[in-house]
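Have a look at the structure below, then the notes.
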Amino acid sequence: MERVPDKNGYYGKFGGKFLPETLVPALKQIEESYEKFINDTEAQAKLNDLLKRYAGRPTPIYFAENLSNLLDVEIYLKREDLVHTGAHKLNNALGQALLAKYMGKTRLIAETGAGQHGVATATCAALMGMECEVFMGKVDVDRQSPNVKRMKLLGTKVTPVYSGSKTLKDAINAAMQDWVATVQNTHYILGSVVGAHPFPMIVRDFQSVISKEAVPQFLEIAGRHPDCVVASVGGGSNAAGIFAKYLEVEGVKLIGVEAGGRSNKDGDHSAKLNYGRPGIVHGNFTYILQTDEGNLMPVHSVSAGLDYPAVGPEHSYLKDIGAAVYETCSDREALDAFQALCRHEGIIPALESSHALGHVMAHKEKYKGQKVLINLSGRGDKDMPIIEEELGL
Amino acid sequence: MTQYNGFYLMGNYPDRDTFIEAAAQGLQHFDFLEVGIPFSDPIADGTAIAEAAQKALDSGVNLAGILESIKAVRERVSPEKDIYLMTYANIIFNHEETLKSEEFKKLNVKGLIVPDVPSSEDFFFTGENALDGLEIITFLTPETEDETIKKASGRSNSFIYFISTRGITGGSMKLDNDTMAKIDLAKSSSTCPVVLGFGIRDSDSAKTALEHCDGFIMGTVLIQKLNDKGLDGFKKFTDELFGELG
Chain A
72 MERVPDKNGY YGKFGGKFLP ETLVPALKQI EESYEKFIND TEAQAKLNDL LKRYAGRPTP
132 IYFAENLSNL LDVEIYLKRE DLVHTGAHKL NNALGQALLA KYMGKTRLIA ETGAGQHGVA
192 TATCAALMGM ECEVFMGKVD VDRQSPNVKR MKLLGTKVTP VYSGSKTLKD AINAAMQDWV
252 ATVQNTHYIL GSVVGAHPFP MIVRDFQSVI SKEAVPQFLE IAGRHPDCVV ASVGGGSNAA
312 GIFAKYLEVE GVKLIGVEAG GRSNKDGDHS AKLNYGRPGI VHGNFTYILQ TDEGNLMPVH
372 SVSAGLDYPA VGPEHSYLKD IGAAVYETCS DREALDAFQA LCRHEGIIPA LESSHALGHV
432 MAHKEKYKGQ KVLINLSGRG DKDMPIIEEE LGL
Chain B
11 MTQYNGFYLM GNYPDRDTFI EAAAQGLQHF DFLEVGIPFS DPIADGTAIA EAAQKALDSG
71 VNLAGILESI KAVRERVSPE KDIYLMTYAN IIFNHEETLK SEEFKKLNVK GLIVPDVPSS
131 EDFFFTGENA LDGLEIITFL TPETEDETIK KASGRSNSFI YFISTRGITG GSMKLDNDTM
191 AKIDLAKSSS TCPVVLGFGI RDSDSAKTAL EHCDGFIMGT VLIQKLNDKG LDGFKKFTDE
251 LFGELG
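Here the protein sequences come in this chain order: A and B.
Start counting the first sequence at 72; every next residue gets the next number (our numbering).
Start counting the second sequence at 11; every next residue gets the next number (our numbering).
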């Protein structure tokens with residue numbers, strides 16, 4: 072497989088830098104600084120030290136024996152839920168916050184859907200003494216209220232976004248609108264492998280720590296590579312992180328799981344790689360859910376982190392060249408998986424991660440006897456308001 | 011160089027008839043019109059234009075309807091007046107066939123203003139997918155490097171859209187010395203007008219723009235006039251503006 076992205080930020084035909092001209096010099100600065108940053112021994116040592124002593128890496132791979140016996144599928148979980156702040160999002164936020172300091176920026180901004188990336192960014196801002204503002208759709212502010220409170224506790228300004236569908240895509244619009252005006256002192260920490268080049272590459276690289284750890288860990292625990300690696304896909308950062316090194320391992324099937332929502336009707340799901348078509352939004356050319364006219368379609372998922380009508384350009388590329396496959400998991404299947412993991416393994420997973428397990432559970436015959444590595448990208452404490460509503464606790 | 015001043019209206023907003031009337035009236039003063047095609051996720055626009063886009067989408071406004079209205083505007087204004095379409099990359103991408111059609115050519119639309127297509131990516135629409143002579147207008151900003159200004163200015167034909175400030179539409183205009191030096195460089199490197207946009211909302215800011223550039227573009231304030239005071243307020247505002255500019 073060719074190394075992607077190319078020097079212009081394209082993954083095959085996907086990707087690019089479709090942002091206002093005002094931001095082009097900033098994107099160039101980030102690209103150049105990032106190149107220096109990853110070759111700077113001192114900066115890398117600092118990042119690795121923080122990942123180890125602050126974030127709690129490496130995270131273990133856990134063999135979920137009870138669930139495996141129940142399903143007749145060998146289920147292994149990469150425990151990103153154990154990372155400080157409760158999700159893989161901190162891997163990227165720490166890297167980008169250090170990069171922002173490296174570039175001399177004093178203010179951080181971020182978008183957030185489920186609130187996990189917002190909390191991760193707020194955490195880094197507190198740690199590094201930087202000003203921070205997080206944009207969050209009003210719908211998400213309401214349904215992920217524990218994370219809103221956490222961000223405020225950490226000293227971050229949370230700005231609710233009232234435009235459009237009031238969810239993740241609108242939070243990205245608001246963050247970009249802010250960044251166009253504040254680019255001189257502000258770094259925008261994008262939380263997923265989306266946006267304009269070099270963001271999809273940078274976020275993937277910072278998240279690839281997941282599979283850098285997982286490949287040798289899995290060999291040690293299971294004696295061979297997994298048959299399948301499964302991860303949920305909203306924007307696609309946790310999947311990009313666990314796919315990165317497995318793309319170099321022959322014979323491992325990579326499976327991304329999109330939010331199948333209530334049904335496959337327009338507006339009932341967030342499955343762009345399954346039901347969308349290519350278009351340009353938020354800085355890149357990728358699969359999106361859009362109307363015939365080219366406007367973004369309303370999307371739905373029980374999980375706020377997957378509720379996004381576009382996807383990182385590398386996933387579009389991996390789909391088209393057949394290097395990964397993308398399946399769906401319905402709200403119901405995700406909630407079943409959520410409950411199963413709680414009851415049988417004593418782990419409360421994030422609703423996002425529950426989609427990866429939900430797909431495997433719903434198709435257990437297909438995976439019978441296989442060794443399946445699932446990226447458990449986050450923990451579910453922040454989902455309590457939704458769980459109360461859906462499961463009537 | 012003679013002045014080249016433009017104004018922005020959201021297509022068929024607040025309704026079809028008001029749009030056509032405002033377009034025709036405005037073109038009595040202005041040299042060109044930017045017709046906005048609403049997009050659901052307008053990252054370069056401030057509240058006024060973004061809300062107008064959302065209302066237009068909610069009321070079913072689309073490209074086909076707006077092109078019908080442009081036809082009606084063309085019938086009422088001098089052929090020397092220029093019309094551009096202003097929208098986002100995904101709308102252009104979804105309507106390439108329409109934009110290449112014979113019907114569209116009859117409307118004599120001079121170019122496309124696409125704020126999320128910087129000059130590094132315009133090959134996406136000008137290479138194999140060439141839109142048959144439709145120019146993608148070049149944006150320059152206070153952040154653009156001098157080399158890029160020289161290169162971009164050399165290949166522009168209709169006009170160069172210089173953004174006055176770091177920010178989205180509807181902000182206030184700030185011209186610092188660095189920006190003015192970049193405007194001068196753009197003017198000396200190009201044969202087409204350099205027009206200043208973003209933050210121009212009254213005769214004072216328009217005069218300042220004209221001191222440094224070949225023209226100005228006004229948008230947000232006109233949308234607000236139409237919202238608050240209707241067509242009469244719009245007409246009064248533009249009449250007085252050009253009265254004061256002389």
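Think of the CB as a built atom: it goes at the ideal place given N, C-alpha and C, for glycine as much as any other residue.
Since we're looking at a predicted model, the values are computed, not measured.
With 16 other Cβ atoms within 10 Å as the buried cut-off, status of residue i
i, result
"E153 (chain B)", "buried"
"G70 (chain B)", "exposed"
"R74 (chain A)", "exposed"
"E131 (chain B)", "buried"
"A267 (chain A)", "buried"
"I227 (chain B)", "buried"
"E107 (chain B)", "exposed"
"F134 (chain B)", "buried"
"T399 (chain A)", "buried"
"I392 (chain A)", "exposed"
"K223 (chain A)", "exposed"
"P287 (chain A)", "exposed"
"S263 (chain A)", "buried"
"N163 (chain A)", "buried"
"R221 (chain A)", "buried"
"D276 (chain A)", "buried"
"R295 (chain A)", "exposed"
"Q255 (chain A)", "exposed"
"D120 (chain A)", "exposed"
For residue j and residue i, the rounded distance between their alpha carbons
i, j, result
"A408 (chain A)", "T130 (chain A)", "22 Å"
"L122 (chain A)", "L165 (chain A)", "8 Å"
"V95 (chain A)", "F149 (chain B)", "11 Å"
"K237 (chain A)", "I123 (chain B)", "27 Å"
"S104 (chain A)", "N110 (chain A)", "10 Å"
"K245 (chain B)", "I351 (chain A)", "37 Å"
"G395 (chain A)", "E113 (chain B)", "The sequence given here places Ala at residue 395 (chain A); Gly does not occur at that position. Those two C-alpha atoms are separated by around 43 Å."
"V119 (chain B)", "A219 (chain B)", "25 Å"
"R214 (chain A)", "L241 (chain B)", "42 Å"
"R348 (chain A)", "D214 (chain B)", "47 Å"
"E291 (chain A)", "A285 (chain A)", "10 Å"
"K235 (chain B)", "G243 (chain B)", "6 Å"
"L161 (chain A)", "K439 (chain A)", "34 Å"
"G312 (chain A)", "E329 (chain A)", "16 Å"
"C38 (chain A)", "A421 (chain A)", "Only positions 72 to 464 of chain A appear in this structure, which leaves residue 38 (chain A) out of reach."
"I437 (chain A)", "V144 (chain A)", "A small correction: the amino acid at residue 437 (chain A) is Lys; Ile does not occupy that position in the sequence shown. Rounded to the nearest angstrom, the two C-alpha atoms are 9 Å apart."
"E416 (chain A)", "N137 (chain A)", "7 Å"
"V45 (chain B)", "I233 (chain B)", "12 Å"
"A60 (chain B)", "H340 (chain A)", "25 Å"
"I76 (chain B)", "M96 (chain B)", "12 Å"
"Y465 (chain A)", "I359 (chain A)", "Within the shown structure, residues of chain A are numbered from 72 to 464, placing residue 465 (chain A) beyond reach of any answer."
"G383 (chain A)", "G307 (chain A)", "6 Å"
"N446 (chain A)", "E78 (chain B)", "52 Å"
"S372 (chain A)", "I132 (chain A)", "27 Å"
8 Å contact criterion, which residue i and residue j should meet: CB distance rounded
i, j, result
"H222 (chain B)", "L195 (chain B)", "Not a contact, Cβ separation roughly 12 Å."
"M368 (chain A)", "P217 (chain A)", "At roughly 29 Å, the Cβ-Cβ gap does not stay under 8 Å, so M368 (chain A) and P217 (chain A) are not in contact."
"G181 (chain B)", "G209 (chain B)", "5 Å"
"D126 (chain B)", "A99 (chain B)", "5 Å"
"W250 (chain A)", "I326 (chain A)", "Between I326 (chain A) and W250 (chain A) the Cβ distance is about 34 Å, and since that is not below 8 Å, they are no contact."
Close Cβ partners of residue i (< 6 Å) along its chain, the five nearest in sequence each way excluded
i, result
"I160 (chain B)", "Note on residue identity: the sequence assigns Lys, not Ile, to residue 160 (chain B). The answer, listed in chain order, is S199."
"R86 (chain B)", "A34"
"R128 (chain A)", "L122"
"A66 (chain B)", "M20, Y23 and P48"
"T147 (chain B)", "Here residue 147 (chain B) is Ile; the residue named in the question, Thr, does not match the sequence. G121, I123 and Y171, listed in sequence order."
"Q187 (chain A)", "A158, K160 and G449"
"S279 (chain A)", "G312 and A315"
Residues near residue i in its chain [Cβ-Cβ closer than 8 Å; skip 5 each side]
i, result
"G164 (chain B)", "S199 and S200"
"V83 (chain B)", "I30, A33, A34, L37, L43 and I93"
"A242 (chain A)", "E182, T183, G184, F206, M207, G208, D211 and V232"
Any non-hydrogen atom of the ligand COA closer than 7 Å to residue i Cβ
i, result
"K240 (chain A)", "This structure does not include the ligand COA; it has no bound ligands of any sort."
C-beta neighbour in chain E for residue i, strict 8 Å
i, result
"P125 (chain B)", "Absence of chain E from the displayed structure is noted, the protein chains being A and B."
Residues near residue i by beta carbon distance below 7 Å, same chain, minus five either side
i, result
"M190 (chain B)", "H222"
"A74 (chain B)", "none"
Length at least 4, wholly inside the region 48 to 135 of chain B: the alpha helix (DSSP H) runs in chain order: 57 to 68, 73 to 86, 99 to 104, 106 to 110 and 112 to 115
Start-end ranges of the alpha helix (DSSP H) lying completely within the region 239 to 270 of chain A, minimum 4 residues: If only uninterrupted alpha helix (DSSP H) runs of at least 4 residues are considered, those enclosed by the region 239 to 270 of chain A are 239 to 253.
3-residue-minimum beta strand (DSSP E) runs that sit fully inside the region 124 to 192 of chain A, ordered along the chain: 132 to 134, 145 to 150 and 178 to 183
Unbroken stretches of the alpha helix (DSSP H), 4 residues or longer, contained in the region 370 to 403 of chain A: 384 to 392
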